[in-house]
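In order, the protein sequences belong to chains A and B.
According to the numbering used here, the first sequence is numbered sequentially starting from 40.
According to the numbering used here, the second sequence is numbered sequentially starting from 40.
Glycine included, C-beta positions come from ideal geometry on N, C-alpha and C.
Here's the structure, in C-alpha cells; my notes come after.
Number of protein chains: 2
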Amino acid sequence: MKDKIIKFRKNFIGPNLSISYDDPLHLIKSKNQYVYDHEGKKYLDAVNNINHIGHCNMYVSKKMITQSKKLNINSRYLYENMRAYTKKLLKYFPKNLNVVYYVCSGSEANDLALRIANNYTKGNEIIVVDNAYHGHTKSLIDISPYKFKNKGGTGKKNHVHILDMPDGIRGKYRYKDNNWIKKYIQDAKNLIDKVSSNKRISAFYSESILGCGGQVVLPKNYLKEIFKKIRSKKGICISDEVQTGFGRVGNNFWAFQNQDVIPDIVTLGKPMGNGHPIAALITTKKIAKKFNNGMEYFNSFGGNPVSLSIGESVLEFIEKKNLQKKSFILGNYLIKELNKIKKEFPEKIIEVRGQGLFVGVDLVKKGNPDLPDKKLAQFIINHCKKLGVLISTDGPYNNVLKIKPPIIINKENIKFLVNCIRKSLLRYK
Amino acid sequence: MKDKIIKFRKNFIGPNLSISYDDPLHLIKSKNQYVYDHEGKKYLDAVNNINHIGHCNMYVSKKMITQSKKLNINSRYLYENMRAYTKKLLKYFPKNLNVVYYVCSGSEANDLALRIANNYTKGNEIIVVDNAYHGHTKSLIDISPYKFKNKGGTGKKNHVHILDMPDGIRGKYRYKDNNWIKKYIQDAKNLIDKVSSNKRISAFYSESILGCGGQVVLPKNYLKEIFKKIRSKKGICISDEVQTGFGRVGNNFWAFQNQDVIPDIVTLGKPMGNGHPIAALITTKKIAKKFNNGMEYFNSFGGNPVSLSIGESVLEFIEKKNLQKKSFILGNYLIKELNKIKKEFPEKIIEVRGQGLFVGVDLVKKGNPDLPDKKLAQFIINHCKKLGVLISTDGPYNNVLKIKPPIIINKENIKFLVNCIRKSLLRYK
Numbered sequence: 040m041k042d043k044i045i046k047f048r049k050n051f052i053g054p055n056l057s058i059s060y061d062d063p064l065h066l067i068k069s070k071n072q073y074v075y076d077h078e079g080k081k082y083l084d085a086v087n088n089i090n091h092i093g094h095c096n097m098y099v100s101k102k103m104i105t106q107s108k109k110l111n112i113n114s115r116y117l118y119e120n121m122r123a124y125t126k127k128l129l130k131y132f133p134k135n136l137n138v139v140y141y142v143c144s145g146s147e148a149n150d151l152a153l154r155i156a157n158n159y160t161k162g163n164e165i166i167v168v169d170n171a172y173h174g175h176t177k178s179l180i181d182i183s184p185y186k187f188k189n190k191g192g193t194g195k196k197n198h199v200h201i202l203d204m205p206d207g208i209r210g211k212y213r214y215k216d217n218n219w220i221k222k223y224i225q226d227a228k229n230l231i232d233k234v235s236s237n238k239r240i241s242a243f244y245s246e247s248i249l250g251c252g253g254q255v256v257l258p259k260n261y262l263k264e265i266f267k268k269i270r271s272k273k274g275i276c277i278s279d280e281v282q283t284g285f286g287r288v289g290n291n292f293w294a295f296q297n298q299d300v301i302p303d304i305v306t307l308g309k310p311m312g313n314g315h316p317i318a319a320l321i322t323t324k325k326i327a328k329k330f331n332n333g334m335e336y337f338n339s340f341g342g343n344p345v346s347l348s349i350g351e352s353v354l355e356f357i358e359k360k361n362l363q364k365k366s367f368i369l370g371n372y373l374i375k376e377l378n379k380i381k382k383e384f385p386e387k388i389i390e391v392r393g394q395g396l397f398v399g400v401d402l403v404k405k406g407n408p409d410l411p412d413k414k415l416a417q418f419i420i421n422h423c424k425k426l427g428v429l430i431s432t433d434g435p436y437n438n439v440l441k442i443k444p445p446i447i448i449n450k451e452n453i454k455f456l457v458n459c460i461r462k463s464l465l466r467y468k
Numbered sequence: 040m041k042d043k044i045i046k047f048r049k050n051f052i053g054p055n056l057s058i059s060y061d062d063p064l065h066l067i068k069s070k071n072q073y074v075y076d077h078e079g080k081k082y083l084d085a086v087n088n089i090n091h092i093g094h095c096n097m098y099v100s101k102k103m104i105t106q107s108k109k110l111n112i113n114s115r116y117l118y119e120n121m122r123a124y125t126k127k128l129l130k131y132f133p134k135n136l137n138v139v140y141y142v143c144s145g146s147e148a149n150d151l152a153l154r155i156a157n158n159y160t161k162g163n164e165i166i167v168v169d170n171a172y173h174g175h176t177k178s179l180i181d182i183s184p185y186k187f188k189n190k191g192g193t194g195k196k197n198h199v200h201i202l203d204m205p206d207g208i209r210g211k212y213r214y215k216d217n218n219w220i221k222k223y224i225q226d227a228k229n230l231i232d233k234v235s236s237n238k239r240i241s242a243f244y245s246e247s248i249l250g251c252g253g254q255v256v257l258p259k260n261y262l263k264e265i266f267k268k269i270r271s272k273k274g275i276c277i278s279d280e281v282q283t284g285f286g287r288v289g290n291n292f293w294a295f296q297n298q299d300v301i302p303d304i305v306t307l308g309k310p311m312g313n314g315h316p317i318a319a320l321i322t323t324k325k326i327a328k329k330f331n332n333g334m335e336y337f338n339s340f341g342g343n344p345v346s347l348s349i350g351e352s353v354l355e356f357i358e359k360k361n362l363q364k365k366s367f368i369l370g371n372y373l374i375k376e377l378n379k380i381k382k383e384f385p386e387k388i389i390e391v392r393g394q395g396l397f398v399g400v401d402l403v404k405k406g407n408p409d410l411p412d413k414k415l416a417q418f419i420i421n422h423c424k425k426l427g428v429l430i431s432t433d434g435p436y437n438n439v440l441k442i443k444p445p446i447i448i449n450k451e452n453i454k455f456l457v458n459c460i461r462k463s464l465l466r467y468k
C-alpha cells in the first residue's frame, strides 16, 4: 500500500510537495505526542507544531463534535461562540490589540495583513528579515526571501527590502564582534532611512523567532529598535506568530512578548486549531477602522462556529493543563540536555538555541560556523526516525535540526529524543 | 444576548464584514436545509451554498469524527485517504485534468492558480470578466472588478483587462440585438488581440456562472470561443468553480461542462467540505510539471486527512442521494415556478435565470432593464426572512435575488420559497 500511495502521489498530487524522510512515513494512526506507521511502529513526534496540544486530542474532538452537530454557518450571521472565543483569545493580547479577523490559514492572515498595512499607510514598501517565510500566496512569496531568493524564485521585487538576519553564528556580525547586535540594528535603520527617503514604507514583517532562518532567536532589543524606527517612518509593525504562538515559547504566550514590544498587527495560524484550518489577524481599532473603507472583507470559512469551537477548546486545554508553563520548563530542560551533547560534540554542534519548545541545533563541520553541515543534519533526522523520533531540518543551509513537538510532550520523551540525537551523532561517519 | 453579540462584533471583530439582513439573524441551530434562530423560529435556507448537502449533515459528521480520532497530520507524510479521495474526485474531471493541489479556501486555490499560470506562461496579463470576484487575497482583489472598481477599491491595475459581462439584459449588447453573443465574443477577441500585441497573456479567469455579476449564465459558445482565442495567444484558461461546482448546476457536475469546454485549471472551494475549510486546484500534468521548478508548494492544512475524509464523505453523499440529478430536476422546477411569478409581475421581474439550483431573479422598475430595483430586492429578502426563508441579493446593482440552497432541498421547500417571494412582491409598495 505504501508504494501504491507514493506512486499515486507522484502521478496525481502537485509534484512540488516533497514528502519527509529518505524513506517516507506511511502513517496509520496518531495520538497525543505519538504517530504510528503502517507496520505499527510508534514514533515520538518532536516536529509537528501544528498538532500543538497533541494529535487527535479528545478534548478538542468532543467540542468539535458537539458544535458540528449543532450549528455551522458563515460569519454573516450571529452566533454566540464568536463572542465567547474572541473574548478568550483577546485576553492573551495587550489591550490595544483588540480587533480580530478570522481566516483559514497563516497565509491568509499574512496576506490580509499586507492589504491592511498598505491601506493604512498608503505605502507599498515592505521590510522583511532575510530568509523569512510568510506564506504561499503570490503577494507573500514576493516578501519571503526564503522563497523568492531560492530555486524557482523570481528574485527580489523592487518594493521589498531585506534586513540581514541578526545571526550571531554565521551572519555579517557575530557574537565575537563588539556590539554585534547594535551593528545589525544600525544597518537596519540605515536601510529603513534609505527606503523612506523617497518611498513610503508600508510594513515591517517579522517572525518572532526566525523559523526558516534556522530557528534563530532575535537578539535583545532587536524588534524594539526596529519597531521604533519603522514607526518613526509611519510604517506598521507586523509580528508573524504563525509558528511561535499559543504558549510554545514558554515564558510568554506569544514570542513577540519576549522582545518586549507591542506590534500593530499579529498574525496567527498553525497551532490555533490543533490541525484544523483556523487562523486569525489581530490589530488595533485605529487600523481596523481605516481598513473599513467601503470594501467588504468576507471569508467563506473564516470564523465559522465549528472552527471557533475548536479554537476555543485549544485555548481551554492549554489553560487547564498549564501547557505554557510546561513548555517553559521542558523547553529549558531540552536546551540544557542538548547543550550537554554540544559539549560532547563541539566540532559538530556550534549552537543550541530556542525558546520554550521551539528549538534549533546548528550543525557544522570542524566547529566552523562557515561550514554548515547539511549532510549531518539529514543523517540525524533519518537516523532518529529509525530510532523512533521525528524531527526535521531548517535554515538557509538546511543544517539546523528543527525541534518543535506538541507541547504535551513529557520529560521522558525529551530524554529519549536527546538520546536519539546523541546516538545519531555517534553513528555518523 | 443578540444585542450583546451585535455590540461585541462591532467592537472586536473586523468591521468590514456586514451581517445579513436589516434585523440580523441570531442562529442557535442548523439542520439539513433549515436554520433556527434564538427564538426557535425555523427558516428554510435557500442561499447558503457552502452548506451544500445540508447543515450539520450526519453522514459527513460521522466520517469526520472517525478520522479525527484516528489520524490528523500534514501532507508531508503518506496516508491512504489522500489516494482514496483524490481518485474519487478526479473521476469527475476530464481525463487530462488529473493533478490536484489541496488548499483551504477558494481564495487560496485562485491565488495558487495565478502563480501557476504566471509560471507556465511567463506572462503577467490577466483577462477577467466584468464584475467577477475571485477571492480576497491581495493578488485576487487586483483581478476582481467586483472589488477593485467599487468602494474602497484602488482601481484597475495595468496588468488586468476586463471583458464586458455578456449580459443580454442590460449589457452593451442585448437579446434584441442581432448576433448579440457574437458581438460580445468579438469584442473579447479584439481586447485579447490588443493585449497580446505587446504583452504576454498569463490567464483568463472565469466563473462558470457569473455570481457577483448577478447569477448571469454565460451564453452558448462564449467560453468555447474565448478559450480558443486565449490559447491561440498561449494563455491559460482558468474555470473558477468555487461557487458552481459539485453538482449544483444539475445537468453536469461542474458548470464549465455546460459550456462544452475543458479548462487548463479548475478551482474548487465553498461546497467541497460542506462548511469545512477545504478547497483544491486541478490542472494538467504538463502545467503541474512546469510549476515544479524547484520551489516547494506546501500548505500547512491543505490535504490533511480529516479535511480529505470530509471531502470524501461529501462526494459519497452526493452520489448516494443522487443529488446532482435532484439539483437538475428541482432547479428546473424552481425556474419554472419563478417564471410563473415573472408573468404575474412583468414590470418587476425582467428575468429568471440560472442552472440547476444556482438561480437569479433580476428585479427592475417598470419592466425597464436600465432601472434595476435594488430597493425591491432588499425588501424581498427581508420580507422573505420574516416569512421564514433565507435568500440574498447580488449583481453590480444588487437587484438580483440570489437563490442557491443546500441541494438536499425538496419540492415542498421550493413551493414555499416561491410563494414567499410572491407574497413579498404583492406586499411591496
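Legend entry - beta strand (DSSP E) segment containing A/L83, residue limits: K81 to D84 is the span of the beta strand (DSSP E), which, as asked, contains A/L83.
Inset, instruction - Return yes when the Cβ of B/A294 is within less than 7 angstroms of the Cβ of B/I265, no when it is not. - result: Judged by beta-carbon spacing, B/A294 lies beyond the 7 angstroms limit of B/I265, meaning their Cβ atoms are not closer than that value.
Legend entry - Contacts of B/M40 in chain A (Cβ-Cβ under 8 angstroms): Those are E119, listed as they occur along chain A.
Inset, instruction - Spell out a yes or no on whether the stretch 86–98 of chain B and the stretch 104–116 of chain A are touching, meaning 3 or more CB-CB pairs, one atom from each, closer than 8 angstroms. - result: Yes: at least three Cβ pairs fall under 8 angstroms.
Inset, instruction - Give the range of the alpha helix (DSSP H) segment to which A/L117 is assigned. - result: Where A/L117 is concerned, there is no enclosing alpha helix (DSSP H), because DSSP gives it neither an H nor an E.
Inset, instruction - Starting from B/Y223, find everything on chain A with Cβ-Cβ shorter than 7 angstroms and list it in chain order. - result: Within chain A, no residue comes near B/Y223; the closest Cβ sits about 28 angstroms away, beyond 7 angstroms.
Legend entry - Backbone CA spacing between B/Y73 and B/G314 [nearest angstrom]: Roughly 15 angstroms between the two C-alpha positions.
Legend entry - Chain-order list of residues whose beta-carbon lies under 7 angstroms from that of B/S146 (same chain, five-residue window excluded): Same-chain partners within the cutoff: G174, H175, T176 and L179.
Inset, instruction - Reducing DSSP to helix, strand and coil, say where A/Q254 ends up. - result: DSSP, read as helix, strand or coil, puts A/Q254 in coil.
Legend entry - Which listed residue (B/K454, B/I460 and B/G434) has its alpha carbon closest to that of B/G250: For B/G250, the nearest C-alpha among the options comes from B/G434.
Inset, instruction - Taking only beta carbons into account, state which residues of the stretch 57–79 of chain A come closer than 8 angstroms to chain B, listed in chain order. - result: Within the stretch 57–79 of chain A, contact with chain B at the beta-carbon level (separation under 8 angstroms) is assigned to S57, I58, S59, P63, L64, H65, L66, I67, K68, S69 and V74.
Inset, instruction - Put B/F455 into one of helix, strand or coil per three-state DSSP. - result: Helix at B/F455.
Legend entry - Test: A/S339 CB closer than 7 angstroms to a CB of chain B: For A/S339, the answer is yes, since a Cβ of chain B falls inside 7 angstroms of its Cβ.
Inset, instruction - Return the CA-CA distance between A/Y185 and A/F397, expressed in angstroms with no decimal places. - result: The straight-line gap from Cα to Cα measures roughly 19 angstroms.
Inset, instruction - Could you tell me whether any Cβ in chain B is nearer than 7 angstroms to the Cβ of A/Y131? - result: Using a CB distance cut-off of 7 angstroms, A/Y131 does not count as an interface residue toward chain B.
Legend entry - Proximal chain D residues relative to B/D169, where beta-carbon distance stays under 8 angstroms: Absent here is chain D; the protein component of the structure consists of chains A and B.
Inset, instruction - From the DSSP output, in three-state form, read off B/G145 for me. - result: B/G145: helix per DSSP, three-state reduction.
Legend entry - Spatial neighbours of B/I453 in its chain, beta-carbon cut-off 7 angstroms, leaving aside the 5 residues before and after: For B/I453, the CB contacts under 7 angstroms within the same chain, skipping 5 residues up- and downstream, are L369, Y372, L373 and E376 in chain order.
Inset, instruction - Could you say if the stretch 332–340 of chain B and the stretch 125–139 of chain B meet the contact criterion of at least three C-beta pairs nearer than 8 angstroms? - result: The answer is no - the stretch 125–139 of chain B does not touch the stretch 332–340 of chain B, with fewer than three Cβ pairs under 8 angstroms.
Inset, instruction - Please confirm whether A/E390 and A/I248 have their CB atoms less than 7 angstroms apart. - result: Pairing A/E390 with A/I248 gives a Cβ-Cβ distance that is not under 7 angstroms.
Legend entry - A/C276, DSSP secondary structure in three states: Of the three classes helix, strand and coil, the one that applies to A/C276 here is strand, per DSSP.
Legend entry - Within 7 angstroms, strictly: CB atoms of A/I67 and B/L117: Contact: no.
Legend entry - Minimum Cβ-Cβ distance from B/N217 to chain A less than 7 angstroms: For B/N217, the answer is no, since every Cβ of chain A falls outside 7 angstroms of its Cβ.
Inset, instruction - Using a Cβ cut-off of 7 angstroms (strictly closer), state whether B/S245 contacts chain A. - result: B/S245 does not count as touching chain A.
Inset, instruction - Kindly indicate which three-state DSSP category B/F337 falls into: helix, strand or coil? - result: When secondary structure is reduced to three states using DSSP, B/F337 falls in the coil class, being assigned neither helix nor strand.
Inset, instruction - Jot down the residue ranges of each uninterrupted beta strand (DSSP E) in the stretch 397–428 of chain A, minimum 3 residues, whole runs only, in chain order. - result: Whole beta strand (DSSP E) segments, 3+ residues: 397–404 and 407–411.
Inset, instruction - Decide if B/L465 is buried, meaning its Cβ has at least 16 other Cβ atoms within 10 Å, or exposed. - result: It is exposed - the Cβ of B/L465 has fewer than 16 other Cβ atoms within 10 Å.
Legend entry - Proximity test, Cβ basis, 7 angstroms: A/D303 and chain B: Not closer than 7 angstroms to any Cβ of chain B, the Cβ of A/D303 fails to qualify, so no.
Legend entry - Contact test: A/I275 Cβ vs the ligand FMN heavy atom, cutoff 6 angstroms: Summarising the ligand content, the structure contains no ligands, and the ligand FMN is consequently not present.
Inset, instruction - Report yes if the CB atom of B/A156 is closer than 7 angstroms to the CB atom of B/I349, and no otherwise. - result: With contacts defined as CB atoms closer than 7 angstroms, B/A156 and B/I349 fail to qualify as a contacting pair.
Inset, instruction - Quick one: give me the first and last residue of the beta strand (DSSP E) that A/F243 is part of. - result: Run containing A/F243: I240 to E246, per the beta strand (DSSP E) assignment.
Inset, instruction - Determine which residues share a DSSP beta bridge with A/S69 and list them. - result: Under DSSP, A/S69 shares a beta bridge with A/V74.
Inset, instruction - Locate the alpha helix (DSSP H) running through A/K267, then write down its first and last residues. - result: Taken as a continuous stretch (DSSP letters only), the alpha helix (DSSP H) holding A/K267 covers Y261 to S271.
Legend entry - Identified DSSP bridge partners for B/T176: In the DSSP secondary-structure assignment, B/T176 is not bridged to any residue.
Inset, instruction - Out of B/N438, B/P344, B/N421 and B/K413, state which residue places its alpha-carbon closest to the alpha-carbon of B/D62. - result: The shortest C-alpha separation from B/D62 is found at B/N421.
Inset, instruction - Could you pull out every residue in the same chain whose Cβ sits closer than 7 angstroms to the Cβ of B/S144, ignoring the five residues on either side in sequence? - result: So the list reads G308, P316 and A318, once near-sequence residues are dropped.
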